[in-house]
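Chains as they are written, first to last, in this note's numbering: chain R, 294 to 652; chain P, 5 to 794.
Each residue gets a CB set at the ideal place from its N, CA and C atoms; glycine is no exception.
Note that this is a predicted model, so its numbers are computed, not measured.
Comments concern the structure below.
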Amino acid sequence: MWTDTRTPMKQQTTTLRGRFLGFQRSRTLSVSRFLTAAMLVCLSGRSVFAQVKGEDKKPASVRIALQWLPQSQFAGFYMAIEKGCYREAGLDVVLLHTGPGPSSHDFLVQGKADFSTLFLADAVFINGKPAALANVAQFSQRSNLLLVAWKDMGIEKPADLDGRPVSYWQSAFSMAFDVFFRQQHIHPVAIPQHYSVNLFLKRGVAACAAMTYNEYHRIYQAGVDYDRLTVFKMRDFGLGFPEDGLYTLTETAKRKPEVCRALREATLAGWEYARQHPDEAVETVLRESRRAGVPVNRPHTRWMLSHVLDSVCPPEAGVRRGHLGRSAYTDTVRSMIGAGVISQAPPFEAFAPFEARVP
Amino acid sequence: MKGFNSIRQRLLTWVLTVAGLILVAVIVWSYLTSRHRLEAEMEAKAVFLADGAARQIDAQLGILQGVVHGMALALESQHLTMPFEQVRALQTECLEKNPGIYGVCVALEPETAPSGWPDLAPWGYREGKALVYEGLSGSTRGHLREDWFGLPKHLGRPVWSEPYEWKGVLMVTYSVPIYSGEAPKRRFAGVVTCDLTLDWLDRMIAALPLGKGGYGLLISRNATYVAHPLREIVLNETVYSIAEERNDPELRETGHQMVAGKPGIIPFKSFVSGDLSWLAYTPLRSGDWIMAAIISRDEMNAAMIQLSRNQMAIGLLGLLLLALAIGRIARSITRPLAKLRDAANTLAGGNLDAPLPEPRGRDEVAHLTHAFAGMRDNLRRYVSDLRETTAARERMSSELRIAHDIQMGLVPKTFPAFPSRNDLDLYGVLEPAREVGGDFYDFFLLDDDRIAVAIGDVSGKGVPAALFMAVTRSFLRSAFKSETDPAAVMANVNGELVEGNDTCMFVTLFCAVLDLATGRLRYANAGHNPPVIRYPDGSVEWVARPRGPVAGVVPKAVYEDGTLVLSADDTLILYTDGVTEAMNAAEELYGEKRMSDSLAAPACGGDCRATTERMLVDIRAFTQGAEQSDDITLLVIKSRKASAPTPPACPAEPHAFSVENNFADMERVMDDVEALLDARLFSAKRKYSVRLALDELLSNVIKYAYDDASVHRIALKLELGIPFALTIADDGKPFNPLEDAPHPILDGPVEDRPIGGLGLHILQKMGMKLAYRRENNRNVLRVVIPEDEH
């Protein structure tokens, strides 16, 4: 993944010191080195983000609403807290998990959280209802959305789903499925999918929605060997929209831009740490899950972590971690408009104010 | 102390080894077969328990299911128009009547729900002992998103949910769909559910008798653990997730088998204890779940090994007791044996009066002790008998020795016997085969010139022969006191021996009288070995005749005299058959031939002692140490002339007699002559010849030589040497009987024959040589009588 991880720290620091006075970022410095530096500095205890603190003011209190119960999906956040990355950034972060009740967006607009994680499509959909949202960071750079079907029910290709009962989530980001069906000219019987794939497991539907990092593996852990399944990856059909991102109200973004930025960097540092110490990250996630009473087992946690890391730190070059690409936004918007989910969307700069400065 | 060979060590070693081997074999065999059988039983037990537990759960679940179905029916029958309060009352009643139910819910689809319900999903449940209520629908119609609502709706059938947690309580929910309307317009209207807490299942499963290392578990069709002794895996893990974590594809396969819907049993490694176990599983009838019972094989094996160990311990204890018992038994054998051994040693040492161990009991050792005591008593008796016998034999032996000495005393032993005489060489040996024997020899001087010698062999051996020999010797000696004629002596001795001879013993005897002046030997032989004469040149001559019968048997046996002349240096050897019948190891006899060969040797030409010893040496060389079977007796006599070598002619001067010319004096002188011949040991035959000659010739002279009636003296001269001659000289008319006597007329009647001439004829016929000469006016007639034939 990373080409040179073993850059001497002293050299890094000097360079960083030189570069970061005034919080300037050098274009020539690769993101990878920066992130390593940030993480290492974070761990070494040196203060990089002195500016955020001001003159030794107390750290800024930040509440982040995560969009579901504890799982590896949020490993970066856990490691950022545990390893003190937020603290180093002058942030006092509190994580709030949501579940079947009020969503993370609800937390955000109700003021129970300062930031919340959302899928990109969900954020686009709910933007402005009632408040305008600003994208602070884009962690998941790719789509993990799948349709998983029973091979022995005769589902080998998308056309076989026509007229068959298919369960899928009813949230905004599931509009990818609608687009998919329309693309494939099929009309499956839509069954709402909520919190489990048990209906699929009990063969009540021919296919169900699944995330690569979650339900797909849950199905395996329920005893279904992969070769019994036909999998339709949405991103294979051009419907791969990035998912997890960090959002706040636009006005918060305007008022506290440095907090937003610091939050992004620190969280990325947390993700980097998780990538480099997956076993420790798995243990942390297990701890958090058990504390919250969420059913969890180690192999599933490990599976989820490794697949989420693939999305957050994709191996292919040319990807800016933590950043939302313009095309990703515009493609998503176009698809959603085309699916009739929304009629219009704000421009990229408004949606992602922290991205606009970079061409 | 005791080596390996002791009875106790052997017994202990062998018995303990064999018993130990048997013990080990039995334990091993019983372990293996028991284990095999027990494993089969444990497997069956696991299957039964799984099945039994499944049925128990089925029974309980069935009841609950029945309750829910009943409630569903009730609602449906009312076409879902039941008022809310009634439903609530129903729920409360249900909870009260069924303590196993945790909660009951009726959740309705909004479209078909009756109006007036404050909540579309009223849920009555227990909180401790109280029955409480909660409306699950809320503002968000949350019930619509739950599996316990959605699954029966979409599957169209009652469904047991996966285990889940609701408000801190682990539970499973049974949901039954209810419908409104009639077919074909039947519509899903909602669900009726009841909740079952997991800890009820836990308690039931924990009560199963699965042994210490065993446990029961329940999994859903997804293989999610519904009940398990490890609390942390319930809800969190499935069989597959555990297989994934352990990287154990066999476990995943086990999961597949378990949820396949058929009962089964497989070997398994327990999560809880790590023991090797059996997993017996069976699907529940009342739901999608699978009941599994795990029984620990290791626990069973450990129990079996413990059992075997106990058996081994008991066995070892038994062996120990066996060893002690054997030790005791061995001791009961070896102790008396040791005592017997000591007693035997004491006995062997000669102490026959030592005390013996007391026999105890009636076993072989006691028998041995008895036998030993018996032997000891017998030994004592035998020893005392032996002592007596030995004493008697020693007495006998010493008596025999004395008898031997006496017998040897009977036989003259001193040599030279007559040291003052130099005309006689004599040597004799008697070597009896036993202490005493039947052989003897004897010699004694009759007068100055004559010596009597004798040798004899009594039949038999030993004391009887010796006694007989002594008697014979006495008789011989006493006979010679009155007789000098050997034949007469022999007859005398024979007569004495025969009388009172009940034992039918006999003796061979040879006796002789040797005139040392003339060398004339007169002898008689009563069945004895013929003596042998050895001449100086080495030639030998046997004195075979005369030979009469053995003495002591025939009452009036007649013996004849024999005569011979021993010249100087002729050796007469008398011997018994102990010589000629001496045997060597090959049982060959020495024999006469060897004896004569031995005598022929020049070494036998010396004096009698040398000759005898030489003969003995030769005999010994022949027998070569073989046991002497008979007495060896030798008597060797040699006469020596005192003067220088003289012709063997008779050295004695002629004897002169004077006879008057009358028949009475003629008789007188004939008696004198005969007495002289007797004294000179001439044979009877000679005496007869002489008498005949004298008779005839003197008669002729008396009758024819004188014509007048005066007394004339006739001279008679006897030459007793060799030649033996009579010379008659008379002074009568010249008469040559040889010519002047009428020739005998031998034919014609006797009465008619003239007297005379016949006598001379007879004399001549007897071998006498007559010679006449006229000398000095005397007629001298010399008659030479030839020697006797031998």
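Classification of residue i by the beta-carbon crowding that lies within 10 angstroms, buried from 16 upward
{"i": "G563 of chain R", "result": "buried"}
{"i": "N666 of chain P", "result": "exposed"}
{"i": "R627 of chain R", "result": "exposed"}
{"i": "Q411 of chain P", "result": "buried"}
{"i": "P363 of chain R", "result": "buried"}
{"i": "S290 of chain P", "result": "buried"}
{"i": "G265 of chain P", "result": "exposed"}
{"i": "Y622 of chain R", "result": "buried"}
{"i": "W443 of chain R", "result": "buried"}
{"i": "R301 of chain P", "result": "buried"}
{"i": "S543 of chain P", "result": "exposed"}
{"i": "I406 of chain P", "result": "exposed"}
{"i": "I26 of chain P", "result": "exposed"}
{"i": "W33 of chain P", "result": "exposed"}
{"i": "L477 of chain P", "result": "For the record, residue 477 of chain P in the displayed sequence is Arg; it is not Leu. With 16 or more other Cβ atoms within 10 Å, it is buried."}
When the options are compared against residue i, the one with the closest alpha-carbon
{"i": "A585 of chain R", "options": "R:G392, R:A382, R:A515, R:G533", "result": "R:G392"}
{"i": "A799 of chain P", "options": "P:A93, P:L480, P:G24, P:A528", "result": "This structure gives no information on residue 799 of chain P, because the portion of chain P shown stretches from 5 to 794."}
{"i": "G217 of chain P", "options": "P:I789, P:P361, P:R191, P:F272", "result": "P:F272"}
{"i": "P592 of chain R", "options": "P:L325, P:G354, P:Y244, P:I270", "result": "P:Y244"}
{"i": "A117 of chain P", "options": "P:T96, P:Q60, P:R145", "result": "P:R145"}
{"i": "R256 of chain P", "options": "R:G516, R:D603, R:S409", "result": "R:G516"}
{"i": "L124 of chain P", "options": "P:G259, P:I105, P:L513, P:G194", "result": "P:G194"}
{"i": "G56 of chain P", "options": "P:M208, P:R684, P:S179", "result": "P:M208"}
{"i": "Y566 of chain R", "options": "R:W361, R:Y379, R:A353", "result": "R:Y379"}
{"i": "L84 of chain P", "options": "P:G215, P:K691, P:G120", "result": "P:G120"}
{"i": "L722 of chain P", "options": "P:L774, P:F661, P:Y708", "result": "P:F661"}
{"i": "I459 of chain P", "options": "P:I577, P:R391, P:F422", "result": "P:I577"}
{"i": "E581 of chain R", "options": "R:Y371, R:S599, R:D572", "result": "R:Y371"}
{"i": "L520 of chain P", "options": "P:L785, P:K642, P:E564, P:C608", "result": "P:K642"}
{"i": "N428 of chain R", "options": "R:E536, R:L602, R:V587, R:C606", "result": "R:E536"}
{"i": "L2 of chain P", "options": "P:G442, P:G441, P:S486", "result": "Residue coverage of chain P in this structure runs from 5 to 794, which leaves residue 2 of chain P outside it and unanswerable."}
{"i": "L288 of chain P", "options": "P:R313, P:L404, P:I61", "result": "P:I61"}
Cβ-Cβ separation, residue j to residue i (assumed contact under 8 Å), whole Å
{"i": "V91 of chain P", "j": "V110 of chain P", "result": "6 Å"}
{"i": "L730 of chain P", "j": "L698 of chain P", "result": "7 Å"}
{"i": "L68 of chain P", "j": "G497 of chain R", "result": "Between G497 of chain R and L68 of chain P the Cβ distance is about 23 Å, and since that is not below 8 Å, they are no contact."}
{"i": "M400 of chain P", "j": "F444 of chain P", "result": "Contact flag wrong, Cβ pair sits at about 22 Å."}
{"i": "A555 of chain P", "j": "L513 of chain P", "result": "5 Å"}
{"i": "L384 of chain R", "j": "A559 of chain R", "result": "6 Å"}
{"i": "R12 of chain P", "j": "G331 of chain P", "result": "6 Å"}
{"i": "L767 of chain P", "j": "V787 of chain P", "result": "7 Å"}
Suppose only complete runs of 3+ residues qualify. What are the beta strand (DSSP E) ranges in the stretch 105-172 of chain P, listed by chain order? 107-112, 126-131, 134-139, 168-170
Ignoring anything shorter than 4 residues or poking outside the stretch 564-589 of chain P, list the alpha helix (DSSP H) runs there in chain order. Whole alpha helix (DSSP H) segments, 4+ residues: 581-584.
If you measure beta-carbon to beta-carbon, which residues of the stretch 217-244 of chain P are closer than 7 Å to chain R? N226, A227, L239, N240, E241, T242, Y244
Mind pulling the beta strand (DSSP E) runs of 3 or more residues that sit fully within the stretch 532-579 of chain R? 537-542
Compile a chain-ordered list of the residues in the stretch 504-522 of chain R whose CB is closer than 8 Å to at least one CB of chain P. Y513, Q514, A515, G516
Which ranges would you report for the beta strand (DSSP E) in the stretch 181-253 of chain P if only whole runs of at least 3 residues count? 191-201, 219-223, 229-231
Note down, in chain order, all residues in the stretch 153-179 of chain P with a beta-carbon under 7 Å from any beta-carbon belonging to chain R. G154, L155, H158, L159, E166, E169
Let me know the alpha helix (DSSP H) ranges lying completely inside the stretch 584-609 of chain R, each 4 residues or longer, listed in chain order. Segments of the alpha helix (DSSP H) lying fully in the stretch 584-609 of chain R: 591-605.
Every unbroken alpha helix (DSSP H) inside the stretch 391-468 of chain R [4 residues or more]: 397-402, 413-419
Can you give me, in chain order, the residues of the stretch 484-495 of chain R that have a beta carbon less than 8 Å from any beta carbon in chain P? I484, P485, H487, Y488, S489, N491, L492, L494, K495
With 8 Å as the limit, tell me which residues of the stretch 567-591 of chain R have their beta carbon closer than that to any beta carbon of chain P; keep them in chain order. G586, P588, V589, N590, R591
What residue ranges within the stretch 282-362 of chain P form continuous alpha helix (DSSP H) runs of no fewer than 4 residues, ordered along the chain? Here the runs fully enclosed are 301-352.
Go through the stretch 373-435 of chain P residue by residue and report every complete run of the beta strand (DSSP E) that reaches 3 residues or more, in order. List check, beta strand (DSSP E) in window: 428-435.
At a CB distance below 8 Å, what residues from the stretch 257-270 of chain P approach chain R? Give them in sequence order. G259, H260, V263
Along the chain, which unbroken stretches of the beta strand (DSSP E) at least 3 residues long are found entirely within the stretch 490-516 of chain R? If we require 3 residues or more, the beta strand (DSSP E) runs fully inside the stretch 490-516 of chain R come out as 500-504.
Members of the stretch 372-406 of chain R that neighbour chain P once the beta carbon cut-off is set at 8 Å: Listed in sequence order: P393, G394.
Run through the stretch 591-622 of chain P for me and flag every whole alpha helix (DSSP H) of 4 or more residues, listed as ranges in chain order. 595-604
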